[in-house]
Amino acid sequence: MTAARTMPALARYALALGDDALVLAQRCGEWVTHAPQLEEDVALANIGLDLLGQARSLLTYAGQVEGLGRSEDDLAYLRQERDFLNVQLVELENGDFAVSMARLLLFSSYQRELYRRLGNSRDATLAGVAAKAVKEVAYHRDHATEWVLRLRDGTPESSRRMQAGLDTVWPYVDELFTSASRHGVWPDPALVADGVAVDPASLREPALGYVRSLLARPA
Amino acid sequence: MTPESARRDWPLWEVFVRPRRGLSHGHVGSLHAPDATMAVRNARDVYTRRGEGVSIWVVPSAAITASSPDEKDAFFDPAADKVYRHPTFYEIPDEVQHL
Chain A
1 MTAARTMPAL ARYALALGDD ALVLAQRCGE WVTHAPQLEE DVALANIGLD LLGQARSLLT
61 YAGQVEGLGR SEDDLAYLRQ ERDFLNVQLV ELENGDFAVS MARLLLFSSY QRELYRRLGN
121 SRDATLAGVA AKAVKEVAYH RDHATEWVLR LRDGTPESSR RMQAGLDTVW PYVDELFTSA
181 SRHGVWPDPA LVADGVAVDP ASLREPALGY VRSLLARPA
Chain B
1 MTPESARRDW PLWEVFVRPR RGLSHGHVGS LHAPDATMAV RNARDVYTRR GEGVSIWVVP
61 SAAITASSPD EKDAFFDPAA DKVYRHPTFY EIPDEVQHL
């Protein structure tokens, strides 16, 4: 298997974004039959399937750009774990429901800002995937928002567990906005300069600004 | 709080979906949710994920007053044999839909 770090920069960019979506899709799927309510099983399955759809498009594109004939399935199922480029945040164990909602809030806030900007990418495929996905992740963020507020403002027990959830995921948030993660410099600065990729550092303020204002909202 | 008592604490909501503009909201089912905002979101996920609707209403099930099965005969049987109440003796123009 070709190591991800020798892939063309554009393929590596699409693969990393796709891996984030793919891994979180699996984590969402794990909730099905285990969520607090049947209704929440369905909601998390929907969110997982949205993410899986994004992953399919992005992995397919990564395979095409790479030009070695690897399909979405080859990339999803036939890579070694070390070749995955996802951030650690999406990989964390689901844990308590509040941990999963804290993760979904932070990741969907990041993804929404990412896809909004990537919709203007000079790469037509990435722009197309992003334009469709931005509506999906806006809903994911809304879903997480409603839960985080309810758990925060519910009972002393739910409030304590929501805070513990945020504390659990917080150390992994920084990686979303760092260029020097994902097995080396990512994305390639040339892709950012060409208007193809989004500089992750530029997403930090808008994404975390949303989360901060949400958490500061009075009960 | 045990899962059983949590389940009891969440009220039941009736869900109405409007399939497209020009049609009325129709009852599609019910679900549990902690409040109205979450009920609309749950309804979106449970009842409109295959493109079934453009608008959702939720109503607390407890707010619905229903006719009683005991009153069924008095309520509905008298209408059964009054064929003249059915406007079936008219030609309906092809252009009229959803009548």
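In order, the protein sequence lines correspond to chains A and B.
By my numbering, the letter at position 192 of the first sequence is numbered 192, and the numbering carries on one by one without gaps.
By my numbering, the letter at position 8 of the second sequence is numbered 8, and the numbering carries on one by one without gaps.
Virtual Cβ for every residue (Gly too), placed ideally from N, Cα, C.
As the structure is a computational prediction, the values presented were derived from the model and not from experiment.
Going by DSSP in three states, residue i sits in which element: helix, strand or coil?
i: leucine 51 (chain A); result: helix
i: tryptophan 147 (chain A); result: helix
i: methionine 1 (chain B); result: Residue placement at methionine 1 (chain B) cannot be trusted, given a pLDDT of 46 that sits under 50; what the coordinates show is reported in the next sentence. Coil.
i: glutamate 125 (chain B); result: A query on residue 125 (chain B) cannot be resolved here, the shown segment of chain B reaching from 1 to 99 and no further.
i: histidine 140 (chain A); result: helix
i: leucine 68 (chain A); result: coil
i: valine 58 (chain B); result: strand
i: serine 24 (chain B); result: coil
i: glycine 51 (chain B); result: coil
i: glycine 29 (chain B); result: strand
i: asparagine 86 (chain A); result: coil
i: leucine 17 (chain A); result: helix
i: valine 32 (chain A); result: coil
i: threonine 2 (chain A); result: Confidence at threonine 2 (chain A) is low in this model, with a pLDDT of 49, below 50, so the placement of that residue should be treated as unreliable; the coordinate-derived value is given next. If DSSP states are grouped into helix, strand and coil, threonine 2 (chain A) belongs with coil.
i: lysine 82 (chain B); result: coil
i: glutamate 91 (chain A); result: helix
i: threonine 88 (chain B); result: coil
i: aspartate 9 (chain B); result: helix
i: valine 129 (chain A); result: helix
i: proline 69 (chain B); result: helix
i: glutamate 95 (chain B); result: coil
i: alanine 216 (chain A); result: helix
i: aspartate 35 (chain B); result: coil
i: threonine 60 (chain A); result: helix
i: methionine 7 (chain A); result: coil
i: leucine 287 (chain A); result: This structure cannot settle anything about residue 287 (chain A), because the visible part of chain A is limited to 1 through 219.
i: serine 121 (chain A); result: coil
i: leucine 78 (chain A); result: coil
i: leucine 26 (chain A); result: Correcting the residue type first, residue 26 (chain A) is glutamine in the shown sequence and not leucine. Looking at glutamine 26 (chain A) - three-state DSSP - the assignment turns out to be helix.
i: glycine 154 (chain A); result: coil
i: glutamine 37 (chain A); result: coil
i: aspartate 77 (chain B); result: helix
i: aspartate 96 (chain A); result: coil
Which residue wins for smallest C-alpha separation from residue i, given the options the options?
i: glycine 53 (chain A); options: A:Ala9, A:Lys135, A:Val198, A:Val32; result: A:Lys135
i: alanine 29 (chain B); options: B:Val15, B:Asp9, B:Tyr90; result: One point to set straight first is that residue 29 (chain B) is glycine, not alanine, in the sequence displayed. Nearest C-alpha to glycine 29 (chain B): B:Val15.
i: valine 148 (chain A); options: A:Gln163, A:Gly18, A:Glu40, A:Arg182; result: A:Gln163
i: glycine 165 (chain A); options: A:Val99, A:Ala219, A:Pro171, A:Ser202; result: A:Val99
i: arginine 217 (chain A); options: A:Ala197, A:Ser179, A:Asp153, A:Val196; result: A:Asp153
i: histidine 98 (chain B); options: B:Ser24, B:Val46, B:Val17; result: B:Ser24
i: arginine 56 (chain A); options: A:Gly18, A:Leu214, A:Gly69; result: A:Gly18
i: glycine 31 (chain B); options: B:Val59, B:Phe75, B:Glu52, B:Gly53; result: Note that residue 31 (chain B) corresponds to leucine in the displayed sequence, not to glycine. Answer by Cα proximity: B:Val59.
i: alanine 130 (chain A); options: A:Ala144, A:Tyr115, A:Arg122, A:Trp170; result: A:Tyr115
i: valine 173 (chain A); options: A:Ala9, A:Ala35, A:Leu208; result: A:Leu208
i: leucine 126 (chain A); options: A:Asp96, A:Leu59, A:Val90; result: A:Leu59
i: leucine 75 (chain A); options: A:Ala144, A:Leu106, A:Ala62; result: A:Ala62
i: arginine 272 (chain A); options: A:Thr178, A:Ala35, A:Val198; result: Because chain A spans 1 through 219 in this model, residue 272 (chain A) falls outside it and cannot be assessed.
i: aspartate 20 (chain A); options: A:Val42, A:Asp41, A:Ser71, A:Gly48; result: A:Gly48
i: tryptophan 57 (chain B); options: B:Met38, B:Phe75, B:Ala80; result: B:Met38
i: glycine 69 (chain A); options: A:Ala11, A:Leu89, A:Glu39; result: A:Ala11
i: tyrosine 110 (chain A); options: A:Pro189, A:Leu89, A:Ala180; result: A:Leu89
i: aspartate 83 (chain A); options: A:Ala219, A:Trp170, A:Thr6; result: A:Thr6
i: arginine 18 (chain B); options: B:Glu52, B:Ala43, B:Asp94; result: B:Glu52
i: aspartate 194 (chain A); options: A:Asn120, A:Thr178, A:Glu39; result: A:Asn120
i: valine 226 (chain A); options: A:Val137, A:Leu38, A:Pro189, A:Met101; result: Absent from the model: residue 226 (chain A). The displayed extent of chain A is 1 to 219, so no value can be given.
i: leucine 151 (chain A); options: A:Ala16, A:Arg112, A:Tyr210, A:Ala219; result: A:Ala219
Quick one: which chain A residues come within Cβ less than 8 Å of residue i?
i: tryptophan 10 (chain B); result: Gln37
Taking C-beta pairs closer than 7 Å, name the residues in chain A that residue i reaches, listed in chain order.
i: arginine 33 (chain B); result: The question names arginine, but residue 33 (chain B) is alanine in the sequence shown. Going along chain A in sequence order, the residues near alanine 33 (chain B) (Cβ under 7 Å) are Glu39.
i: threonine 37 (chain B); result: Glu146
Check whether the Cβ of residue i lies closer than 7 Å to any heavy atom of the ligand ATP, and answer yes or no.
i: leucine 203 (chain A); result: This structure simply doesn't include the ligand ATP, nor any ligand for that matter.
List, in order along the chain, the chain A residues whose C-beta lies closer than 9 Å to that of residue i?
i: threonine 65 (chain B); result: Neighbours of threonine 65 (chain B) on chain A: none; closest Cβ ~25 Å, over 9 Å.
Answer yes or no: does any C-beta atom of chain D fall closer than 8 Å to that of residue i?
i: glycine 29 (chain B); result: Absent from the structure is chain D; the protein chains it does hold are A and B.
At a Cβ cut of 7 Å, what residues of the stretch 40 to 52 of chain B count as close to chain A, listed as they run along the chain?
Arg41, Asn42, Asp45, Val46, Arg49
Output, in sequence order along the chain, the residues in the stretch 41 to 63 of chain A whose CB is closer than 7 Å to any CB in chain B.
Val42, Ala43, Asn46
Using a beta-carbon distance cut-off of less than 7 Å, what residues from the stretch 128 to 158 of chain A approach chain B?
His143, Glu146, Arg150
Enumerate, from N- to C-terminal direction, the unbroken beta strand (DSSP E) stretches of 3 or more residues contained entirely within the stretch 168 to 211 of chain A.
none
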